[in-house]
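Peer 1: Once you've had a glance at the structure underneath, I'll fire off some questions.
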Amino acid sequence: MDSNYDFSLLCGDYSYGGKAHEFAKAFRGMHMKPVIMAVGNHDALGDVNQLVRRETNFYQKIGQNGFFFLYVLNQDILHHCHLNKARVDNAIKFLSDNMQLSENDENVFIVSHQAIYSTGEFGSIEYFTKKMEDFIDSHPTSKIRAVFSGHDHVFSSFKKNNVFYFVNGSGGGPLDSVFEWGDRAWNSEEMSGPLPVLNANDIGYDYHLKSYQKYTRTEVSFEAQRIIYTIRDLSNNQMLNSFEQILE
1 MDSNYDFSLL CGDYSYGGKA HEFAKAFRGM HMKPVIMAVG NHDALGDVNQ
51 LVRRETNFYQ KIGQNGFFFL YVLNQDILHH CHLNKARVDN AIKFLSDNMQ
101 LSENDENVFI VSHQAIYSTG EFGSIEYFTK KMEDFIDSHP TSKIRAVFSG
151 HDHVFSSFKK NNVFYFVNGS GGGPLDSVFE WGDRAWNSEE MSGPLPVLNA
201 NDIGYDYHLK SYQKYTRTEV SFEAQRIIYT IRDLSNNQML NSFEQILE
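Number 219 in UniProt numbering belongs to position 219 of the sequence shown; there are no gaps in the numbering.
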């Protein structure tokens, strides 16, 4: 990986069972640069707050950029993960109560392991998506630029009202399958543009930009009056795509 970056932003599930030695192994190659991690459902199996020294929902300022980290899932036993509506309500309250922390930030980003929009196996969950849509739509001057998520083992991207939504969950475990009982949009390793709605988890598909069934990373570069999001294939570092965001 190119060492010319300032910090790493991780979207959760950097352990399998929330054990300290798993985090140590995952972060071994990143210890020379700052790393900020959202909580994933696998991480939540252990005492992740004690390990990362963070609350489940927190705000972090880096330079002129503000980041809000949210966690809205339960994790009782492995692979039995579900949305916790109380956590969703707490996350929305946290955003509402603390948005003033970012009033001087040039850019604001939200990081949530659970995606708002996704083409992956888990997809969207209507309760969370609706709450987040309402919050973001009601804060048009808050400088929210993008939402980064994990959970689904694919890369997918969406854009609504000049806010980008990225699912960056394809960095480790097995990729989500192309075909799954015919109820998902995947029919190839790459998809572009608006997609058909095939089940209740297919939300926001009119906003879909691009999806890849590949191991990827997303690079974020700040330039004068614009942000560039570059998507790279982890296997060969080749650029798959890039998205330009003109700042309003």
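Cβ atoms here follow ideal geometry from the backbone N, Cα and C, with glycine treated the same way.
Express the C-alpha separation of serine 235 and leucine 10 in angstroms, rounding to a whole number.
Peer 2: When rounded, the distance between both Cα atoms is 18 Å.
Peer 1: Please name the residue in Glu219, Gly204, Asp233 whose C-alpha comes closest to that of serine 124.
Peer 2: The shortest C-alpha separation from serine 124 is found at Gly204.
Peer 1: Look at the alpha carbon of isoleucine 228 and the alpha carbon of leucine 83, and state the distance between them as a whole number of angstroms.
Peer 2: Cα to Cα, the separation comes out at about 32 Å.
Peer 1: So the candidates are Asn74, Ser142, Met132; which of them puts its Cα closest to the Cα of leucine 247?
Peer 2: Nearest option by C-alpha distance: Ser142.
Peer 1: Tell me where the alpha helix (DSSP H) around threonine 129 begins and ends.
Peer 2: 126–137 is the span of the alpha helix (DSSP H), which, as asked, contains threonine 129.
Peer 1: Can you tell me where the beta strand (DSSP E) holding phenylalanine 69 begins and where it ends?
Peer 2: Its beta strand (DSSP E) spans residues 65–70.
Peer 1: What residues in its chain sit with their C-beta under 6 Å from that of glycine 173, if we drop five residues either side in the sequence?
Peer 2: Closer than 6 Å at Cβ, skipping near neighbours: His153.
Peer 1: For the alpha helix (DSSP H) holding serine 96, just list the boundary residues, first then last.
Peer 2: 85–98 is the span of the alpha helix (DSSP H), which, as asked, contains serine 96.
Peer 1: Count the C-beta pairs between the region 112–121 and the region 156–170 that are closer than 8 Å, then say yes if the count reaches three, no if not.
Peer 2: The region 112–121, when compared against the region 156–170, does touch it at the 8 Å Cβ threshold.
Peer 1: Just the Cα atoms here: how many angstroms apart are threonine 129 and phenylalanine 69?
Peer 2: Answer to the nearest angstrom: the Cα atoms are 16 Å apart.
Peer 1: Could you have a look at aspartate 6 and say whether DSSP puts it in helix, strand or coil?
Peer 2: It is coil, neither helix nor strand.
Peer 1: Closest to leucine 101 by CA distance: which of Ser177, Ala91, Phe67 is it?
Peer 2: Of Ser177, Ala91, Phe67, the residue nearest in Cα terms is Phe67.
Peer 1: Less than 7 Å between C-beta atoms, sequence neighbours within five positions excluded: which residues of the same chain meet that for asparagine 241?
Peer 2: Counting only Cβ-Cβ distances below 7 Å, and skipping sequence neighbours, we find Lys210, Ile231.
Peer 1: In chain order, what residues of the same chain have a beta carbon less than 8 Å from the beta carbon of lysine 61, not counting five sequence neighbours either side?
Peer 2: Phe67, Leu101, Ser102, Asp105, listed in sequence order.
Peer 1: In angstroms with no decimal places, state the Cα-to-Cα distance between aspartate 202 and glutamate 126.
Peer 2: Taking the straight line from one Cα to the other gives about 9 Å.
Peer 1: How is tyrosine 165 classed by DSSP in three states: helix, strand or coil?
Peer 2: Three-state DSSP puts tyrosine 165 in a strand.
Peer 1: Secondary structure at leucine 195, three-state DSSP: helix, strand or coil?
Peer 2: Reduced to three states, the DSSP call for leucine 195 is coil.
Peer 1: Measure the beta-carbon distance from glutamate 190 to tyrosine 212 and round it to whole angstroms, keeping in mind my assumption that it falls under 8 Å.
Peer 2: So it is a contact: roughly 6 Å between Cβ atoms.
Peer 1: Can you tell me the Cα-Cα spacing of lysine 93 and phenylalanine 109, whole angstroms?
Peer 2: Spanning the two alpha carbons is a distance of roughly 17 Å.
Peer 1: Within a Cβ cutoff of 6 Å, which residues of the same chain sit near lysine 160, ignoring the five residues on either side of it in sequence?
Peer 2: Here the set comprises Tyr207.
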